[in-house]
Every structure is written in structure tokens, then in C-alpha cells.
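Number of protein chains: 2
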Amino acid sequence: MANREYHQYCGLSRAAEVVGQRWMLLILRDLTVGPRRYSDLVAGLPGIPTNLLSTRLKELEGDGLVVREVRRGADRSVVYGLTARGLALMPALDALSLWGAGELREPREGEIVTEASLVSGLRVAAGAGSRPGRDAVFVVHVGDATAHVLVRDGEVTVVPGDHGSPDLRITAGPRFRDFLAGAVSPQEAVAEGIVGLEGDASLLDDIAAAFVVPYADS
Amino acid sequence: MANREYHQYCGLSRAAEVVGQRWMLLILRDLTVGPRRYSDLVAGLPGIPTNLLSTRLKELEGDGLVVREVRRGADRSVVYGLTARGLALMPALDALSLWGAGELREPREGEIVTEASLVSGLRVAAGAGSRPGRDAVFVVHVGDATAHVLVRDGEVTVVPGDHGSPDLRITAGPRFRDFLAGAVSPQEAVAEGIVGLEGDASLLDDIAAAFVVPYADS
DNA sequence: CGGGATCCCCCGAGATACTG
DNA sequence: CAGTATCTCGGGGGATCCCG
Chain Z
1 MANREYHQYC
11 GLSRAAEVVG
21 QRWMLLILRD
31 LTVGPRRYSD
41 LVAGLPGIPT
51 NLLSTRLKEL
61 EGDGLVVREV
71 RRGADRSVVY
81 GLTARGLALM
91 PALDALSLWG
101 AGELREPREG
111 EIVTEASLVS
121 GLRVAAGAGS
131 RPGRDAVFVV
141 HVGDATAHVL
151 VRDGEVTVVP
161 GDHGSPDLRI
171 TAGPRFRDFL
181 AGAVSPQEAV
191 AEGIVGLEGD
201 ASLLDDIAAA
211 FVVPYADS
Chain W
1 MANREYHQYC
11 GLSRAAEVVG
21 QRWMLLILRD
31 LTVGPRRYSD
41 LVAGLPGIPT
51 NLLSTRLKEL
61 EGDGLVVREV
71 RRGADRSVVY
81 GLTARGLALM
91 PALDALSLWG
101 AGELREPREG
111 EIVTEASLVS
121 GLRVAAGAGS
131 RPGRDAVFVV
141 HVGDATAHVL
151 VRDGEVTVVP
161 GDHGSPDLRI
171 TAGPRFRDFL
181 AGAVSPQEAV
191 AEGIVGLEGD
201 ASLLDDIAAA
211 FVVPYADS
């Protein structure tokens, strides 16, 4: 790669110069869930070489997708956040997520679910499902990752972490993906222990309708 | 890249394993405009090493995105085409194109417009513009690339090549991009020679309304 | 001539250690 | 915590060659 260019005057080649590099898509995805510290990113990107993350963040900063902000205060931590231009990539990232999820079945050996992937996965699922009816607050645990889901006036907001007092707390493993595909009904999911519930169990039907990630037809 | 995996159980990492490799996005984009021979792909991807194209096509075939078909007949040519799974990537590719086009201004030194980029660019522009009113047939020339645009019942179809007898033939250079952004009005485009017209010049207003590729706000 | 395969070189990616 | 420094290794770039 003498340089990362493609010598074509077109939008896709410009996009490819950014997202067509190793780790870029996942770095950007992690930043779509909110500003992140360097160590947050390292933790959320298992296996990334630290020097490569450093390089990528500089490239993103140079391209105007990311801003590096040194927090002044007790902790002088460094936080990376997306600019408007970076945020504008979200529809494309979500389209790619939806496509890639189509072939997601059994996890491969050693694969984990990160917090950013859970949050963005639920965001994508909300976009592909029907508009939710009842307002509610959910907390979803998959592996070590936790997401906080707010449903209000038919709008869905997903943020990382556990911010307490949900109407329903869901604890699941990788087979939660089969549930989101509709391959496992809410009743089956409970009966087979795919999901553990704490709270108003009837809300699980709402989740099944409003959060959908279909399998690729094949 | 020990392997191309990311050790995350999520759709985006699966997509990144395919799309996050050099040249992959452009290869897939070229195939979205229709089945292509090896030499067509080489011609449409300036600078791609032939061995790398060969490798990528095998990967895509192995991933089920591409089928390699040996045409039986007078010419035993080999044709590569997208499977349904490959075609399902088109919305994501178009979203990336639209995003990348946001910062397209002056062409860089040595950049060209390929046929696939013109066709897919117009396809993306049709998706972002308003629904066209009058039925019409256009032929668009930009550089050496030619696209054939059919507007019928508000639906737009764009195919490569010149299939004759258009209602309007448009010949333009890279500044056609400014026209698609709305930065240059149809009148200005004609007055400044950005577009050359042959046929029903009043149809240029229809094009301006129906084909839009906005600039990134910055 | 279309459709590749083979070669070498070099840069980018991975891993680890270390530092402000 | 937030990177930088250094090393190794494999994949990409580029040219050339090959085969039906």
C-alpha cells in the first residue's frame, strides 16, 4: 500500500480509504456509542495492537471524523469522540452490521460480545423491527456486556451500561441472536433458558416485535 | 493479519472481514452494476495487482458473495456475478458511497471516473433525490465512462454503456459532481459549459431534481 | 488475447516492551 | 493511563511470465 488511495473520482473510493483499513470499522462503531478513552477502546477491541489503534485514531483525527479531547479536571484523561462527519457514517455502519449479522449463527471459538457491539447491535435491531408500543426501560446483559434500553413514545435509545431500575432485566448468552432473528419465540426462549428474566416478563413479547435482526435468506 | 478475523461475535465484525480488505469495496461495487469478466474488473480498478484481484475473487466465491460462471458458447469467457447474498450488500455500499461523496470536490491528480463508479454514482444520486416526474431516457458521458439512465413511472434504472436514442445526451466532466450537489444550477451548468447537451435540454431540470448527491455540511 | 500464476520487495500489521 | 519504540512476519504492490 504505497498509499491508501484508489485513483478513482468517486464517493465509494473515498469511503474505502477510511473504512477499508483494518480495525477502522470497529473503531468507528465503538465511537458511535459515545466518546471513549484510549483504554476503553483497547478493551473493546480484543487483539488490536496498541500502536495500530494509535495510528488509526490519528488518521481519523486528520480526516476530521474524530476529535481528541483532553479532559481538564481531576483526571486529565484523553477522550476520543466523533465529529458530525464521523457520526454521518452511522447509517452505513448500521447497514453493514445488519448485513453481516445475517450470517451470524454460532459464535466462533474465542469470540466475545463487547459492550459497543451489544449497544450497536440493539440499535440496529430497533431499526429493523416494528415501532414499539409500550414505553419501558430494559437492561440487557450478554456475556460481560450490558446495555440500557429506553423505549419512549415509540423511540428507542440504547446506551452502554446499567443505569438501574429497569422494567425488565434480561440476561442472555449468544443464543439471544436466535431470539432476535425470530427463530426462537419468547416462550421458547424462556422455556429453554436462553434468556433469564427479572421484572415484567410480558415485556419480552414487545422486545421480540420491536428488535429484529433477520437471518440472511439462504 | 494472521487471519482476517476480529474475535467479536457481532455483525459488523463479520462484515469487516469481507469489506475491510483492500480493494474489496470497489470490486463489489463494480459487480453490483452487473456481471463482469476478469479483464473488465482489471480495467475498472486502476492499479489493482492482478494476483490480488484473483485472490479476492476466490475469497468472495468462498464466502458465497460471488459466483464464477464459465460461459459456454463461442467464447468460453469467465464471468463473475453477485449472488443474492452479495447483492444484499448494495444498500450498505450505497450508504458508504453517499457518505464518501460528501467530501468529493476537485478530483485528485490522476483520478479517473470508471464506468462502474458513474453507474453506481447515478444510482446513489437517484436514491437521494426526489421521485422523478416525466419518463425519459438519458445517456450520460463523464470522461470515458458512459451510463444509460431509464426513468419510467418514477423508477430509475441505471445501466452501463450507451444503448442509443436517448431523449437527452449529457456530456460532462468532473464538475458534474457540483451539479449533482445543487451547487451549480442547470442554467449555470449550461452557461459555463459544465454540461454539453444533445436533445431535449428541458430535461436537465428533471435531472437536477431527481439526482442529488449533497455535500457534507462542513 | 483473456485469465490468471509466480516472482521479489517492501510496507503495514501483530506482538511485546517500555516510558512520560 | 496513554501512548511510543522496536522487532518480526505476512500480505499487498508491481512486473513479468504462462497457458489454453
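As given, the protein sequences belong to chains Z and W, one line each in that order. Going by the UniProt record's numbering, 71 is the number at position 71 of the first sequence; the sequence numbering is gapless. Going by the UniProt record's numbering, 144 is the number at position 144 of the second sequence; the sequence numbering is gapless. We treat Cβ as the ideally placed atom computed from N, Cα and C, and that holds for glycine. Here the structure is a predicted model, which is why all the values come from computation and not from measurement.
Could you pull the start and end residues of the beta strand (DSSP E) that residue i belongs to?
i	result
residue 150 of chain W	145 to 152
residue 197 of chain W	195 to 199
residue 67 of chain W	66 to 70
residue 168 of chain W	168 to 172
For residue i, which residues from the same chain have a beta carbon less than 8 angstroms from its beta carbon, with the 5 sequence-adjacent residues on both sides left out?
i	result
residue 134 of chain W	151, 203 and 206
residue 1 of chain Z	Confidence at residue 1 of chain Z is low in this model, with a pLDDT of 49, below 50, so its placement is unreliable and no value can be given for it.
residue 22 of chain W	52
residue 94 of chain Z	120, 123, 124 and 127
residue 78 of chain Z	37, 38, 68, 69, 70 and 71
Does any residue of chain Z bring its CB to less than 8 angstroms from the CB of residue i?
i	result
residue 105 of chain W	no
residue 173 of chain W	no
residue 112 of chain W	yes
residue 20 of chain W	yes
residue 145 of chain W	no
residue 12 of chain W	yes
residue 39 of chain W	no
residue 54 of chain W	no
Tell me the residue span of the alpha helix (DSSP H) that contains residue i.
i	result
residue 179 of chain Z	176 to 180
residue 50 of chain W	50 to 62
residue 155 of chain W	Run containing residue 155 of chain W: none in the alpha helix (DSSP H); it sits in the beta strand (DSSP E), 155 to 160.
residue 28 of chain W	24 to 32
residue 86 of chain Z	84 to 87
residue 164 of chain Z	Unbroken run through residue 164 of chain Z: none, as it is neither H nor E.
residue 4 of chain Z	Premise fails: residue 4 of chain Z is in no alpha helix (DSSP H) and is neither H nor E.
residue 38 of chain Z	38 to 44
residue 186 of chain Z	186 to 191
residue 13 of chain W	11 to 19
residue 221 of chain Z	With chain Z covering 1 to 218 only, the question about residue 221 of chain Z has no answer from this structure.
What separation, rounded to the nearest whole angstrom, lies between the Cα atoms of residue i and residue j?
i	j	result
residue 11 of chain Z	residue 97 of chain W	5 angstroms
residue 174 of chain Z	residue 144 of chain Z	11 angstroms
residue 168 of chain Z	residue 217 of chain Z	31 angstroms
residue 195 of chain W	residue 87 of chain Z	34 angstroms
residue 140 of chain W	residue 160 of chain Z	48 angstroms
residue 17 of chain W	residue 107 of chain W	30 angstroms
residue 213 of chain W	residue 123 of chain W	10 angstroms
residue 129 of chain W	residue 56 of chain Z	34 angstroms
residue 208 of chain Z	residue 182 of chain Z	7 angstroms
residue 138 of chain Z	residue 163 of chain Z	10 angstroms
residue 70 of chain Z	residue 38 of chain Z	11 angstroms
residue 99 of chain Z	residue 91 of chain W	9 angstroms
residue 110 of chain W	residue 8 of chain Z	8 angstroms
residue 185 of chain W	residue 179 of chain W	6 angstroms
residue 136 of chain W	residue 193 of chain W	23 angstroms
residue 15 of chain W	residue 199 of chain W	44 angstroms
residue 24 of chain W	residue 59 of chain W	10 angstroms
Contact criterion: CB-CB distance below 8 angstroms. Does residue i meet it with respect to chain W?
i	result
residue 92 of chain Z	yes
residue 215 of chain Z	no
residue 7 of chain Z	yes
residue 47 of chain Z	yes
residue 36 of chain Z	no
residue 85 of chain Z	yes
residue 1 of chain Z	Residue placement at residue 1 of chain Z is poorly supported in this model, since its pLDDT is 49, which falls under 50; the coordinates still yield a value, given next. Closer than 8 angstroms to some Cβ of chain W, the Cβ of residue 1 of chain Z qualifies, so yes.
residue 88 of chain Z	yes
residue 100 of chain Z	yes
residue 95 of chain Z	yes
residue 117 of chain Z	yes
residue 152 of chain Z	no
residue 25 of chain Z	yes
Between residue i and the rest of its own chain, which residues show a CB-CB distance below 6 angstroms, the 5 nearest in sequence each way excluded?
i	result
residue 81 of chain W	35 and 67
residue 158 of chain W	119, 122, 123, 147 and 149
residue 171 of chain Z	141 and 196
Is there at least one non-hydrogen atom of the ligand ADP closer than 7 angstroms to the beta-carbon of residue i?
i	result
residue 62 of chain W	Absent from the structure shown: the ligand ADP. Ligands present: none.
With a CB to CB cut of under 7 angstroms and the five nearest residues on each side skipped, what residues in its chain are close to residue i?
i	result
residue 219 of chain W	Because chain W in this structure spans residues 1 to 218, residue 219 of chain W falls outside the shown range and cannot be described.
residue 166 of chain W	137, 138, 139 and 199
Report task. Go through the region 102 to 145 of chain W residue by residue and report every complete run of the alpha helix (DSSP H) that reaches 4 residues or more, in order. Result -> For the region 102 to 145 of chain W, whole alpha helix (DSSP H) runs of length 4 or above, ordered along the chain, are 115 to 128.
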